Amino acid sequence: MSLAQFKVLIFDVYGTLVDWESGIYNSLTPLVTDLGHQWSNLRRTIATPLCSARRAGSERKHRCARRDLQGFRGSNIYDLFRGRIRCRVQQQDRLPCAGNRVRSLARPLADLPDTIAALAKLSSLGLKLTVLSNVDRASFSHTRAALERGFVFDAVYTAEEIGSYKPDPHNLQYAVTQLQADYPALEREQILVVAQSLPHDHVPARALGLSSVWIDRPDAVTCLDGDGVPKSRTAKETFAGWRFRSLEDFADAVEMAKTKPS
Numbered sequence: 004m005s006l007a008q009f010k011v012l013i014f015d016v017y018g019t020l021v022d023w024e025s026g027i028y029n030s031l032t033p034l035v036t037d038l039g040h041q042w043s044n045l046r047r048t049i050a051t052p053l054c055s056a057r058r059a060g061s062e063r064k065h066r067c068a069r070r071d072l073q074g075f076r077g078s079n080i081y082d083l084f085r086g087r088i089r090c091r092v093q094q095q096d097r098l099p100c101a102g103n104r105v106r107s108l109a110r111p112l113a114d115l116p117d118t119i120a121a122l123a124k125l126s127s128l129g130l131k132l133t134v135l136s137n138v139d140r141a142s143f144s145h146t147r148a149a150l151e152r153g154f155v156f157d158a159v160y161t162a163e164e165i166g167s168y169k170p171d172p173h174n175l176q177y178a179v180t181q182l183q184a185d186y187p188a189l190e191r192e193q194i195l196v197v198a199q200s201l202p203h204d205h206v207p208a209r210a211l212g213l214s215s216v217w218i219d220r221p222d223a224v225t226c227l228d229g230d231g232v233p234k235s236r237t238a239k240e241t242f243a244g245w246r247f248r249s250l251e252d253f254a255d256a257v258e259m260a261k262t263k264p265s
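Here it is, written out as structure tokens:
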């Protein structure tokens, strides 16, 4: 099997193309410091509840996208951390102020430094670039505007329109069905899933018999395991594709495969 055989890429966004962990971490670190409490492994402590919320969301059917699918907005972040703050912080009188601080957090998330150039390169190689994400279209529109520089996504599939959340296999199957309807000559063997999250993307890809590329971001601390299973074991049991440390490395490998003399 060669990377040259693929014609369509299905990307996860948050964690793969966009650094949501660092955005939330950088926003909440001053708050934790102000509360006067020291947490070990602060990045994991801050990011894990958000990944858990994504996983919990996948277990229920879509009811109201605008209400349920705003995992990166300040009010939702406050709800996620309220219980942890109350359990761990002794200065209870600081909580109202803390809540106001967290509710005000709605900073845009940064694309990872290699993302835009890598996407533009992949597009220039003739690949169709598509998105499958656990968000609503309104939320993704801001991210899309930031990412589309020198290329445009050929298709975007969101939980809002699908009616369920990854890792439900229905989401990935929905994307495949739509792609094959839009491109009748497209074979499943020509579709490649590109993602950082093992449980949300690679497990469904394997279940559906699709090839996948693991963008194993070295700084990522969440969405790497499944139901408490360690990352190393999860990777071994659920992932059988290519593995790259960055999207740039993946794009370079695709370019090499597609330009290699026959």
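For what it's worth, my numbering labels the leading residue of the sequence shown as 4, then goes sequentially. Built from N, CA and C at the ideal position, the CB exists for glycine as well. These numbers were taken from a predicted model, which means no experiment stands behind them.
Going along the chain, which residues of its own chain have a beta-carbon closer than 6 Å to the beta-carbon of residue i, five neighbours each way excluded?
{"i": "H173", "result": "S167"}
{"i": "A7", "result": "A260, K261"}
{"i": "A254", "result": "A121, K124, L125"}
{"i": "R207", "result": "Per the sequence shown, the amino acid found at residue 207 is Pro instead of Arg. Only P170, P172, L175 meet the Cβ criterion."}
{"i": "E251", "result": "D117, A121"}
{"i": "A178", "result": "I13, L135, Y160"}
Per DSSP, what kind of secondary structure is residue i in: helix, strand or coil?
{"i": "K124", "result": "helix"}
{"i": "D22", "result": "strand"}
{"i": "L135", "result": "strand"}
{"i": "Y186", "result": "coil"}
{"i": "V155", "result": "coil"}
{"i": "S144", "result": "helix"}
{"i": "Y177", "result": "helix"}
{"i": "R209", "result": "helix"}
{"i": "R191", "result": "helix"}
{"i": "Y160", "result": "strand"}
{"i": "V11", "result": "strand"}
{"i": "V216", "result": "strand"}
{"i": "A16", "result": "Note that residue 16 corresponds to Val in the displayed sequence, not to Ala. Of the three classes helix, strand and coil, the one that applies to V16 here is coil, per DSSP."}
Near residue i, what residues of its chain come up, given a Cβ to Cβ distance below 8 Å and the 5 sequence neighbours on each side ignored?
{"i": "A123", "result": "R152, G153, F154"}
Applying the criterion that 16 or more other CB atoms from any shown protein chain within 10 Å of the CB defines a buried residue, is residue i buried or exposed?
{"i": "D22", "result": "buried"}
{"i": "P116", "result": "exposed"}
{"i": "T262", "result": "exposed"}
{"i": "S5", "result": "exposed"}
{"i": "P202", "result": "buried"}
{"i": "E163", "result": "buried"}
{"i": "D171", "result": "buried"}
{"i": "T118", "result": "buried"}
{"i": "T19", "result": "buried"}
{"i": "T180", "result": "exposed"}
{"i": "I165", "result": "buried"}
{"i": "R209", "result": "buried"}
{"i": "A198", "result": "buried"}
CB residue i to CB residue j, shorter than 8 Å?
{"i": "L128", "j": "F14", "result": "no"}
{"i": "Y17", "j": "S136", "result": "yes"}
{"i": "F9", "j": "Q176", "result": "no"}
Measure the beta-carbon distance from residue i to residue j and round it to whole angstroms, keeping in mind my assumption that it falls under 8 Å.
{"i": "D204", "j": "F247", "result": "That pair is no contact at about 14 Å."}
{"i": "L189", "j": "L182", "result": "6 Å"}
{"i": "V257", "j": "L125", "result": "6 Å"}
Using 8 Å as the limit for Cβ to Cβ distance, is residue i near chain C?
{"i": "I13", "result": "This model lacks chain C altogether; it includes just one protein chain."}
Residues in the same chain with beta-carbon distance under 7 Å from residue i, minus the five sequence neighbours each way, listed in chain order, please.
{"i": "D157", "result": "K131, L132, T133"}
{"i": "P221", "result": "R248"}
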